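In what follows, a single structure is set out as structure tokens and then discussed.
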Amino acid sequence: SDKTLSHSPKMSGFSGAVTINDLDDFIAPSQACVKPMFKNYTNSGQNDKDKRLKRGVIELHETFEETSSLVPTPTITETEVKATAKISLTDCLACSGCITTAESVLVSEQSTIEFLKALSQKEKKKFVVSISPQARASFAVDWQISLLEAHNRLTSYFLDLGCDLITDTSIATDISIIETRNEFLYRWQNSGPFPLLTSSCPGWICYAEKSVGKIVLPLISKCKSPQQIMGTLIKKYWANDLELRPDEVYHTTIMPCFDKKLEASRPDFFCDEKETREVDLVLSTKEIKEMIEKQNPTFEFSEEKENDNSFTNIDENGEKLYGISGGSGGALEYVFDFATIQLFGGNGVKKEIIGRNKDMKEIIYEVDGKVVLRFAMVYGFRNLQTLIRKIKNKTCVYHFVEIMACPSGCTNGGAQIRTGDFHKDKEIAIKVDQAYHSRDIRDPIDNTKVKNIYEKWLYSTNPNENNVTTTPHPSFTTQYHEIEKLQSGLTEKW
């Protein structure tokens, strides 16, 4: 999980907000990072000496002069000093070394510095900022204001900086849940495979690809995370409405999780034709707090500017923020309740079973005393490893599992605002979770903005009228890749 992230701001492009965090959920990397030790050279015509010099080798040559004794005189040849090696996000995702990679990557392209630099060179590009509701809740608690006030402050701040559109990712969460629901019902009618494992947590996806591989990858939902669905909506559909190419839009997201930087950098989310990513830049809650404190600590904003709320879960009067019920993923309760009605007519009994800790929960559905549905919530790597063991041993009985790498889910993400005091931060995490759940609850199907997206861009009807046995819409799906472990003495564990 990204809870153990440790970076020096002097060594990377991260802001100083990225520091060592809580270590209670750490899994050590399976291999050492070897990327900086290799460099390829394409000029095959160089002789061996030239190749050695290119690597920065210092060579000692023994020479003898006629007037000297037989003591050799060394001649030292110094070669050019190369720049410090850096690892890009793409390099890291292609390596099988780390289990979760955000802990040790120099991510110079994912920083507030890069954001402000891009904004200063705006020219013809449109700038969009999408705010995670979990990150917004962290700001609300830190500033001791309501969610709505926090949303308005953040919107005003980014508009004053020169951004063109501010959204939240709740709309994308609604779409993600609808598509996950469809995928589950499709699997049910095709006898699996089960369990369906949710895919919105990038720390979990990195772990699955690098450490577990083919055992679980076929089970993971093909639906994109809300962040990447938001990227599709902005770069593909919103841009098209404005007659803009995807590369003419610069899309930044504000996330409670450092691993979201890695997710946005996946090759699957890069459009080769337009040479642009669905999400150009991911900034953490911590980094934005630091940037605001440096630039506008008194929150003195200009007069309220107009913002298009088509992609924000806020009512027409700007007085209510809407969201989903349940955990930070939101899919568990929604898919379960929908499946009980769709598959069993609602003629059963729902029961919740709390596991050995609050981050492990089961929900079962009984019809005539028989369990017909079994869902689970699994948060934190300790609980996740227990689940993986059950899958490996073929003793997993669940039909659906909502997975988050961080204990307590995204509201407790490693990039949320902290004080550094364990006891205070524990209290803050509880308040952030409460703030997150203070939104007005609304069924995604009842969201007129979601209906408009489906009707305008995806289908001729709204999602409630679609054939729910269909697989997720191609615009909102992705794929996963098993990454083979490197076999090298350099990767030996110590």
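Residue numbers (this note's numbering): 208 to 701. Glycine residues also receive a C-beta, built at the ideal position from the N, C-alpha and C atoms. The structure presented is a predicted model; accordingly, all values stated were derived computationally and were not measured.
Q: Please classify residue 702: is it buried, with 16 or more other beta-carbons within 10 angstroms of its beta-carbon, or exposed?
A: With the chain covering 208 to 701 only, the question about residue 702 has no answer from this structure.
Q. What residues are listed by DSSP as bridge partners for residue 478?
A. Position 271 of the sequence shown holds residue 478. BP columns for residue 478 point to 483.
(Q) Can you tell me whether residue 456 is buried or exposed? The criterion is at least 16 other CB atoms within 10 Å of its CB, across all chains shown. (A) By 1-based counting over the sequence shown, the position of residue 456 is 249. Buried: at least 16 other Cβ atoms inside 10 Å.
Q) Just the Cα atoms here: how many angstroms apart are residue 236 and residue 491? A) As a working mapping, residue 236 is identified with position 29 in the sequence shown. As a working mapping, residue 491 is identified with position 284 in the sequence shown. With a pLDDT of 44 at residue 236, under the threshold of 50, the modelled position of that residue is not reliable, and the figure given next carries that caveat. Taking the straight line from one Cα to the other gives about 23 Å.
**Q.** residue 578 classed as buried or exposed, judged by whether at least 16 other C-beta atoms fall within 10 angstroms
**A.** Sequence index remark: in the sequence shown, residue 578 carries index 371 (1-based). Within 10 angstroms of the beta-carbon of residue 578 lie fewer than 16 other beta-carbons, which makes it exposed.
(Q) Which of the three DSSP states is assigned to residue 404 in this structure? (A) Position 197 of the sequence shown holds residue 404. Strand, per DSSP.
Q | Best match in 689, 351, 683 and 691 for proximity to residue 476 [C-alpha to C-alpha] | A | For the purposes of this step, residue 476 is identified with residue 269 of the sequence shown, where counting begins at 1. Of the candidates 689, 351, 683 and 691, the one whose C-alpha sits nearest the C-alpha of residue 476 is 683.
(Q) At the level of alpha carbons, what is the spacing between residue 605 and residue 583? (A) By one-based count along the sequence shown, residue 605 stands at place 398. By one-based count along the sequence shown, residue 583 stands at place 376. In a straight line, the C-alpha of residue 605 is about 7 Å away from that of residue 583.
Q. In the structure shown, what three-state DSSP assignment does residue 383 receive?
A. Sequence index remark: in the sequence shown, residue 383 carries index 176 (1-based). Reduced to three states, the DSSP call for residue 383 is helix.
Q: Let me know the secondary structure DSSP gives residue 451 once reduced to three states.
A: Here residue 451 refers to the residue found at position 244 when the sequence shown is read from its first residue. DSSP, reduced to helix, strand and coil, places residue 451 outside both helices and strands of the structure shown, so it counts as coil.
Q) Which of helix, strand or coil does DSSP assign to residue 322? A) Counting from 1 along the sequence shown, the entry for residue 322 is found at position 115. Assignment of residue 322 by DSSP, reduced to helix, strand and coil, places it in the helix class.
**Q.** Three-way DSSP call (helix, strand, coil) for residue 639 in this model
**A.** Mapped onto the sequence shown, residue 639 falls at position 432. Looking at residue 639 - three-state DSSP - the assignment turns out to be helix.
Q. First and last residue of the alpha helix (DSSP H) that includes residue 599?
A. As a working mapping, residue 599 is identified with position 392 in the sequence shown. It spans 588-599 - the alpha helix (DSSP H) in which residue 599 sits, taken as one unbroken run.
Q) Hey, residue 432 and residue 383 are a contact pair by Cβ (cut 8 Å); roughly how many whole angstroms apart? A) Here residue 432 refers to the residue found at position 225 of the sequence shown. Here residue 383 refers to the residue found at position 176 of the sequence shown. With a Cβ gap of about 7 Å, residue 432 and residue 383 count as contacting.
Q. From which residue to which residue does the alpha helix (DSSP H) around residue 683 run?
A. Your numbering for residue 683 matches position 476 in the sequence shown. Unbroken run through residue 683: none, as it is neither H nor E.
(Q) Rounded to whole angstroms, what is the Cα-Cα separation between residue 376 and residue 320? (A) The residue labelled residue 376 in the question sits at position 169 within the sequence shown. The residue labelled residue 320 in the question sits at position 113 within the sequence shown. When only Cα atoms are considered, residue 376 and residue 320 end up about 23 Å apart.
**Q.** Expected contact under 8 Å - CB spacing of residue 342 and residue 461 to nearest Å
**A.** Position 135 of the sequence shown, counting from 1, holds the residue named residue 342. Position 254 of the sequence shown, counting from 1, holds the residue named residue 461. The Cβ separation is near 5 Å, so the contact holds.
**Q.** Alpha carbon of residue 596 to alpha carbon of residue 326, nearest angstrom
**A.** Taking the sequence shown and counting its residues from 1, one reaches residue 596 at position 389. Taking the sequence shown and counting its residues from 1, one reaches residue 326 at position 119. Approximately 47 Å, taken between the alpha carbons.
Q) Would DSSP call residue 657 helix, strand or coil? A) Here residue 657 refers to the residue found at position 450 when the sequence shown is read from its first residue. Note: residue 657 maps to helix in three-state DSSP.
Q) What is the residue span of the beta strand (DSSP E) that residue 348 lies within? A) By one-based count along the sequence shown, residue 348 stands at place 141. Counting along the chain, residue 348 falls outside any beta strand (DSSP E), though it belongs to the alpha helix (DSSP H) covering 340-350.
Q.
Taking DSSP's pairing of strands, which residues face residue 456 in a bridge?
A. The sequence position of residue 456 within the sequence shown is 249, counting from 1. DSSP output for residue 456 lists 333 as bridge partner(s).
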